[in-house]
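Peer 1:
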Amino acid sequence: MKHKLRGATLAVVSALVLPALALSSAVSADDHGKKPLSVEVLWELKRIGSPVISPQGTHIVAPVTEYNVENDEGSTQLWLFSPNGDMQRPLTAEGFRASEPVFSPDGKHLAFISQRQEDDAGQIYVLPMDAPGEATRITNVPTGVNGLKWVGQHLYFVSNVWPELSWDEMKERMDTEKNDHISAHQWNALPYSSFDRYLDENRESYVFRVAPTGGNVEPVTQSMGWELSRSGAGAGSYDVDTGERYIAFVSDSERDGVTPNYDIFLAPLQEEGEVTNLTEGNLGSDSNPTFNSSGNLLAYTQQSIPGFYADTAKLKVYDVNRESTEALAADWDRSVTNITWTPDSRGIYSVVADEATNRVYHIDVRRDRVRAITAETDFGGLSIANNNVLVGTNQSFLHPAQLVSINTRNGSTTRLDTFNDDVLANVDLGTYESVTYEGHNGKPIQMWVHYPPGFDSSKKYPLFLLIHGGPHNAISNGFHYRWNAQTFASWGYVTAWHNFHGSSSFGQEFADSINPDWVTAPYEDTIKAAKWFQEKSWIDNDRLFAGGASYGGYLSTILLGKPHPFDALLIHAPVYNMYSQMSADFAVHADRFGHYWERPEIYQSISPHYFAENFNTPALLIHGLRDLRVPVGQSFELFRTLQSRNVESRMIYFPDENHWILKPNNSIYWYNEVKRWVEQHTPPGAR
Numbered sequence: 021m022k023h024k025l026r027g028a029t030l031a032v033v034s035a036l037v038l039p040a041l042a043l044s045s046a047v048s049a050d051d052h053g054k055k056p057l058s059v060e061v062l063w064e065l066k067r068i069g070s071p072v073i074s075p076q077g078t079h080i081v082a083p084v085t086e087y088n089v090e091n092d093e094g095s096t097q098l099w100l101f102s103p104n105g106d107m108q109r110p111l112t113a114e115g116f117r118a119s120e121p122v123f124s125p126d127g128k129h130l131a132f133i134s135q136r137q138e139d140d141a142g143q144i145y146v147l148p149m150d151a152p153g154e155a156t157r158i159t160n161v162p163t164g165v166n167g168l169k170w171v172g173q174h175l176y177f178v179s180n181v182w183p184e185l186s187w188d189e190m191k192e193r194m195d196t197e198k199n200d201h202i203s204a205h206q207w208n209a210l211p212y213s214s215f216d217r218y219l220d221e222n223r224e225s226y227v228f229r230v231a232p233t234g235g236n237v238e239p240v241t242q243s244m245g246w247e248l249s250r251s252g253a254g255a256g257s258y259d260v261d262t263g264e265r266y267i268a269f270v271s272d273s274e275r276d277g278v279t280p281n282y283d284i285f286l287a288p289l290q291e292e293g294e295v296t297n298l299t300e301g302n303l304g305s306d307s308n309p310t311f312n313s314s315g316n317l318l319a320y321t322q323q324s325i326p327g328f329y330a331d332t333a334k335l336k337v338y339d340v341n342r343e344s345t346e347a348l349a350a351d352w353d354r355s356v357t358n359i360t361w362t363p364d365s366r367g368i369y370s371v372v373a374d375e376a377t378n379r380v381y382h383i384d385v386r387r388d389r390v391r392a393i394t395a396e397t398d399f400g401g402l403s404i405a406n407n408n409v410l411v412g413t414n415q416s417f418l419h420p421a422q423l424v425s426i427n428t429r430n431g432s433t434t435r436l437d438t439f440n441d442d443v444l445a446n447v448d449l450g451t452y453e454s455v456t457y458e459g460h461n462g463k464p465i466q467m468w469v470h471y472p473p474g475f476d477s478s479k480k481y482p483l484f485l486l487i488h489g490g491p492h493n494a495i496s497n498g499f500h501y502r503w504n505a506q507t508f509a510s511w512g513y514v515t516a517w518h519n520f521h522g523s524s525s526f527g528q529e530f531a532d533s534i535n536p537d538w539v540t541a542p543y544e545d546t547i548k549a550a551k552w553f554q555e556k557s558w559i560d561n562d563r564l565f566a567g568g569a570s571y572g573g574y575l576s577t578i579l580l581g582k583p584h585p586f587d588a589l590l591i592h593a594p595v596y597n598m599y600s601q602m603s604a605d606f607a608v609h610a611d612r613f614g615h616y617w618e619r620p621e622i623y624q625s626i627s628p629h630y631f632a633e634n635f636n637t638p639a640l641l642i643h644g645l646r647d648l649r650v651p652v653g654q655s656f657e658l659f660r661t662l663q664s665r666n667v668e669s670r671m672i673y674f675p676d677e678n679h680w681i682l683k684p685n686n687s688i689y690w691y692n693e694v695k696r697w698v699e700q701h702t703p704p705g706a707r
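Take 21 as the starting number for the sequence shown in our numbering and just add one per residue.
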């Protein structure tokens with residue numbers, strides 16, 4: 021229910037992050053004639069993926085995806101870049117998807133995964149780098165390949181197979197299933213789904229290998245008795261040392277599919293030997309096994325709390341020769357979720373979420389010291405050469421991912437690509453800043469505030485308050501295609517993301533502060549964020565709007581049943597009924613705090629459907645049928661409730677989308693319908 025709240029004055033603790041973002045009073049002359057950052061512009065932009073640099077540091081390759089809106093599809097080419105930024109050219113043909121590029125140890129060849137016209141699934145292709153030539157397919161695996169690595173004399177990969185069948189028998193079975201006109205799925209145990217696909221319980225994921233010239237595909241882990249995760253096994257699920265003596269991989273030691281306990285296992289490759297669980301006894305998730313260059317050290321990340329995906333991930337290093345484990349940066353209150361060893365094995369680079377920014381850090385292995393390399397804007401996809409050249413991607417709210425080399429001494433970057441410059445040169449972007457306000461229990465809450473192009477502080481603007489998902493997925497200084505704050509701001513709104521209690525990157529205590537009570541602190545933080553804006557002279561208190569997706573949709577539904585100042589709401593893929601959410605692949609709180617029949621008081625206190633008698637705010641609901649993270653029935657339950665209460669509401673349903681709206685034309689429709697709803701209830705522009 022909408023209610024104009026009055027409360028304590030909230031102070032701004034921090035000012036602008038960037039001095040250049042001072043609030044302007046008018047559009048600059050250079051901005052005249054430019055177009056806003058519309059959804060159509062978003063789909064014009066090329067999207068750069070994580071790069072790889074050759075061992076010698078002479079070549080850089082990155083996947084680049086572009087979309088054809090008319091055909092409603094995208095294609096991904098691999099592009100070649102020089103380390104000094106003076107060359108970029110495509111390596112693979114247009115019209116196909118190429119992914120997971122990896123260099124050979126000598127840098128003379130590049131392997132990647134692609135599905136060409138003759139392929140039933142993604143296969144490994146190898147391309148020469150030191151001479152002209154076409155890519156050669158070296159596998160014909162009917163179940164497809166992913167998780168590609170080139171180590172020593174072999175290409176390693178993951179495939180989801182029927183373990184009792186040969187490759188020919190798998191091919192025959194897949195052809196039969198394709199033509200038998202039976203669509204039924206059957207399960208006798210969990211898991212049965214993952215995000216947007218149903219799992220075949222008879223198939224298991226293992227590591228295989230093949231020679232770079234092709235030939236016989238050899239099973240690596242299948243005989244070891246431990247399968248990789250059925251829901252998301254890939255390159256991060258295993259690693260092989262450079263001498264091909266050992267393989268380390270992640271597997272669920274519980275094996276029951278209900279309460280997984282992912283451990284790191286180590287096994288010899290050159291001779292038969294015992295498979296060792298290196299993390300036995302730890303009930304949280306162990307992930308990201310990564311060998312150093314000599315293969316004597318294995319780094320990995322470790323969480324200690326089962327069922328809590330935002331638990332701080334600690335960095336551990338296992339000495340293969342000494343059979344001992346050491347914790348690095350044990351007292352550091354940040355999560356390490358990716359590992360890039362330095363060539364000399366003295367350090368590790370990692371992109372770490374730190375106070376709403378994904379920064380590059382260096383962890384000194386010998387001295388156990390942590391040092392920030394970069395400060396502002398988001399980094400990702402690190403890759404390092406033997407000559408210590410470090411490359412990655414860099415993005416901000418104002419530009420999509422760019423390919424950069426990173427100076428590891430001072431954090432400065434050199435841009436290596438020129439993608440999207442022609443498009444963005446004609447786009448009128450607004451400005452943004454980071455502020456801090458007082459939230460629940462007087463704790464400081466960080467918030468990103470985006471101002472529309474030509475913002476004039478002497479006038480009044482409507483507010484569009486965005487509520488992020490997770491609930492632990494903090495919004496960082498990066499470019500978002502599905503929920504682009506600058507696009508919303510270009511409609512004529514001051515737009516904001518607040519990193520409420522529970523958000524990651526602010527430490528363990530802050531992230532865990534909302535468990536199991538998902539309502540109290542985030543709700544209060546949201547109301548106080550609105551209050552912070554209501555006290556600004558440039559906000560029109562009669563034009564306030566809020567909305568979000570996933571947990572953001574859930575919290576927006578909580579707002580429906582509690583006092584709030586918003587004229588209308590946007591609710592995308594929400595959890596409306598905590599009890600029926602048990603049907604999803606993500607059962608809220610069950611692993612850690614018990615099921616609803618064991619702890620009904622928890623679920624009743626945080627389930628929005630218990631507050632339905634208070635619903636009276638207009639709401640736009642959006643959901644995709646293929647969403648198995650939050651099944652579409654959640655939105656239909658909410659829509660029927662709102663309609664039964666005669667509350668103005670609209671339901672948009674995408675039968676071919678999952679938790680996210682990913683197809684170009686569906687995305688354009690999504691943005692346009694959101695714009696229509698927002699403008700209907702909170703008219704845009706300065707007054």
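Each residue gets a CB set at the ideal place from its N, CA and C atoms; glycine is no exception.
Between Y599 and the rest of its own chain, which residues show a CB-CB distance below 8 Å, the 5 nearest in sequence each way excluded?
Peer 2: As a working note, residue 599 is residue 579 in the sequence shown. Excluding sequence neighbours, Y599 sits near Y616, Y623, S627.
Peer 1: Of the residues T546, A706, K334, N281, which one's Cα is nearest the Cα of D611?
Peer 2: On the sequence shown, position 591 is the one that residue 611 refers to. The candidate whose alpha carbon is nearest that of D611 is N281.
Peer 1: Just to confirm my understanding: we take K479, look at its own chain, exclude 5 residues before and 5 after, and list those with CB closer than 8 Å. What are they?
Peer 2: Within the sequence shown, numbered from 1, the residue matching residue 479 stands at position 459. Same-chain partners within the cutoff: W558, A706, R707.
Peer 1: According to the Cβ coordinates, are G142 and I133 closer than 8 Å?
Peer 2: Taking the first residue of the sequence shown as 1, we reach residue 142 at position 122. Taking the first residue of the sequence shown as 1, we reach residue 133 at position 113. Against a cut-off of 8 Å, the Cβ pair of I133 and G142 comes out as a contact.
Peer 1: Quick check on E708: buried or exposed, where buried means 16 or more other Cβ atoms within 10 Å of its Cβ?
Peer 2: Residue 708 is absent from the model: the chain starts at 21 and stops at 707.
Peer 1: So L410 packs on Y369, CB below 8 Å; how close in whole Å?
Peer 2: For the purposes of this step, residue 410 is taken as the residue at position 390 of the sequence shown. For the purposes of this step, residue 369 is taken as the residue at position 349 of the sequence shown. That pair is a contact at about 7 Å.
Peer 1: Compare the beta carbon distance of F565 and F484 with 8 Å and say whether it is the shorter of the two.
Peer 2: Taking the sequence shown and counting its residues from 1, the one referred to as residue 565 is at position 545. Taking the sequence shown and counting its residues from 1, the one referred to as residue 484 is at position 464. Cβ distance < 8 Å, so F565 and F484 count as in contact.
Peer 1: Here's the rule I'm using: 16 or more other beta-carbon atoms within 10 Å means buried, otherwise exposed. How should Q290 be labelled?
Peer 2: Indexing the sequence shown from 1 puts residue 290 at position 270. Answer is exposed; the Cβ neighbour count stays below 16.
Peer 1: Would DSSP call T332 helix, strand or coil?
Peer 2: Within the sequence shown, the letter at position 312 stands for residue 332. Coil, per DSSP.
Peer 1: So D339 and N316 are supposed to be a Cβ contact under 8 Å. How far apart are they, rounded?
Peer 2: What you label residue 339 is simply residue 319 of the sequence shown in a count that begins at 1. What you label residue 316 is simply residue 296 of the sequence shown in a count that begins at 1. The Cβ separation is near 7 Å, so the contact holds.
Peer 1: What do you reckon, are the CB atoms on A604 and P651 nearer than 8 Å?
Peer 2: Residue mapping note: residue 604 aligns to position 584 of the sequence shown, counting from 1. Residue mapping note: residue 651 aligns to position 631 of the sequence shown, counting from 1. Yes, the Cβ-Cβ distance between A604 and P651 is below 8 Å.
Peer 1: Note the first and the last residue of the continuous alpha helix (DSSP H) segment covering M149.
Peer 2: For the purposes of this step, residue 149 is identified with residue 129 of the sequence shown, where counting begins at 1. Segment: none, M149 is in no alpha helix (DSSP H) and carries neither H nor E.
Peer 1: Quick check: the Cα distance between D545 and F520, rounded to an integer number of angstroms?
Peer 2: Against the sequence shown, residue 545 aligns to sequence position 525. Against the sequence shown, residue 520 aligns to sequence position 500. Distance between the alpha carbons of D545 and F520 is about 6 Å.
Peer 1: Between A255 and Q173, is the Cβ-Cβ spacing less than 8 Å?
Peer 2: Within the sequence shown, the letter at position 235 stands for residue 255. Within the sequence shown, the letter at position 153 stands for residue 173. At least 8 Å separates the beta-carbon of A255 from that of Q173.
Peer 1: Assign K551 to one of three DSSP states: helix, strand, or coil.
Peer 2: Numbered from 1 along the sequence shown, position 531 holds the residue referred to as residue 551. In this structure, DSSP gives K551 a helical state, which the three-state scheme calls helix.
Peer 1: Pick out whichever of I383, T377, F659, T332 has its Cα sitting closest to the Cα of M467.
Peer 2: Locating residue 467 in the sequence shown gives position 447, counting from the first residue. The option with the nearest alpha carbon to M467 is T377.
Peer 1: Quick one: what's N636 bridged to in DSSP?
Peer 2: Numbered from its first residue, the sequence shown carries residue 636 at position 616. Bridge partners of N636: none, in fact.
Peer 1: Under 7 Å: does the beta carbon of V340 sit that close to some heavy atom of the ligand NAD?
Peer 2: Among the components modelled here there is no ligand, and therefore nothing to report on the ligand NAD.
Peer 1: Does the separation of the CB atoms of P759 and Y226 fall below 8 Å?
Peer 2: The requested residue 759 is not part of the displayed model; the chain covers only 21 to 707.
Peer 1: What distance in whole Å lies between the Cβ atoms of S425 and T434, which are believed to be in contact at a cut-off of 8 Å?
Peer 2: Taking the sequence shown and counting its residues from 1, one reaches residue 434 at position 414. Taking the sequence shown and counting its residues from 1, one reaches residue 425 at position 405. Under the criterion of beta carbons closer than 8 Å, T434 and S425 qualify as touching, at roughly 5 Å.
Peer 1: Of all the options S95, D140, R109, which has the alpha carbon lying nearest to the alpha carbon of A118?
Peer 2: The residue you call residue 118 lines up with position 98 of the sequence shown. Out of S95, D140, R109, S95 has the C-alpha closest to the C-alpha of A118.
Peer 1: Can you tell me which residues form a DSSP beta bridge with G94?
Peer 2: Residue 94 sits at position 74 when you count from the first residue of the sequence shown. DSSP lists Y87 as partners of G94.
Peer 1: By DSSP's criteria, L485 is part of a beta bridge. Which residues make up the other side?
Peer 2: Walking along the sequence shown from the start, residue 485 turns up at place 465. Answer by DSSP bridge pairing, in chain order: A516, A566.
Peer 1: Among the candidates D331, Q322, D351, L303, whose CA atom is the shortest distance from the CA of T345?
Peer 2: If you number the sequence shown from 1, residue 345 lands on position 325. Out of D331, Q322, D351, L303, Q322 has the C-alpha closest to the C-alpha of T345.
Peer 1: Using the three-state DSSP reduction, which class does R665 fall into: helix, strand or coil?
Peer 2: Working through the sequence shown from its first residue, we reach residue 665 at position 645. Coil at R665, not helix or strand.
Peer 1: Please tell me whether V514 and Y481 are closer than 8 Å, where the distance is taken between their beta carbons.
Peer 2: Taking the first residue of the sequence shown as 1, we reach residue 514 at position 494. Taking the first residue of the sequence shown as 1, we reach residue 481 at position 461. Taking 8 Å as the Cβ cut-off, V514 and Y481 qualify as a contacting pair.
Peer 1: Determine the direct distance from the alpha carbon of K683 to that of S213, and round the result to whole angstroms.
Peer 2: Position 193 of the sequence shown, counted from the start, is the residue given in the question as residue 213. Position 663 of the sequence shown, counted from the start, is the residue given in the question as residue 683. Computed Cα separation, rounded: 22 Å.
Peer 1: Which runs of the alpha helix (DSSP H) at least 4 residues long sit entirely within the stretch 160-221? Give them in chain order.
Peer 2: 187-199
Peer 1: Less than 8 Å separating the beta-carbons of L423 and I68?
Peer 2: The residue you call residue 423 lines up with position 403 of the sequence shown. The residue you call residue 68 lines up with position 48 of the sequence shown. In this structure, I68 lies closer than 8 Å to L423 by Cβ.
Peer 1: Whole-angstrom Cβ separation of F674 and L645, contact assumed at under 8 Å?
Peer 2: As a first step, residue 674 is located in the sequence shown; it is residue number 654 there, counting from the start. As a first step, residue 645 is located in the sequence shown; it is residue number 625 there, counting from the start. About 7 Å separates the two Cβ atoms, so the contact holds.
Peer 1: Between H460 and T540, what straight-line distance do the alpha-carbon atoms span, to the nearest angstrom?
Peer 2: Against the sequence shown, residue 460 aligns to sequence position 440. Against the sequence shown, residue 540 aligns to sequence position 520. C-alpha separation (whole angstroms): 8 Å.
Peer 1: In the DSSP assignment, what residue or residues form a beta bridge with P651?
Peer 2: Taking the sequence shown and counting its residues from 1, one reaches residue 651 at position 631. Within the DSSP bridge table, the entry for P651 names no partner.
Peer 1: Considering only their Cβ atoms, is the gap separating T397 from N493 smaller than 8 Å?
Peer 2: Here the question's residue 493 lines up with position 473 in the sequence shown. Here the question's residue 397 lines up with position 377 in the sequence shown. No, they are not a contact pair.
Peer 1: Measuring straight from C-alpha to C-alpha, what distance separates A49 and L449?
Peer 2: In the sequence shown, counting from the first residue as 1, residue 49 sits at position 29. In the sequence shown, counting from the first residue as 1, residue 449 sits at position 429. Summary for A49: the model assigns pLDDT 33, below 50, so the residue's position carries little reliability, and this model does not support an answer.
Peer 1: Measuring CB to CB, does V161 end up less than 8 Å from V260?
Peer 2: For the purposes of this step, residue 161 is identified with residue 141 of the sequence shown, where counting begins at 1. For the purposes of this step, residue 260 is identified with residue 240 of the sequence shown, where counting begins at 1. Result no, Cβ atoms of V161 and V260 do not sit closer than 8 Å.
Peer 1: Name, in chain order, the residues that DSSP records as bridge partners for P239.
Peer 2: The sequence position of residue 239 within the sequence shown is 219, counting from 1. BP columns for P239 point to F228.
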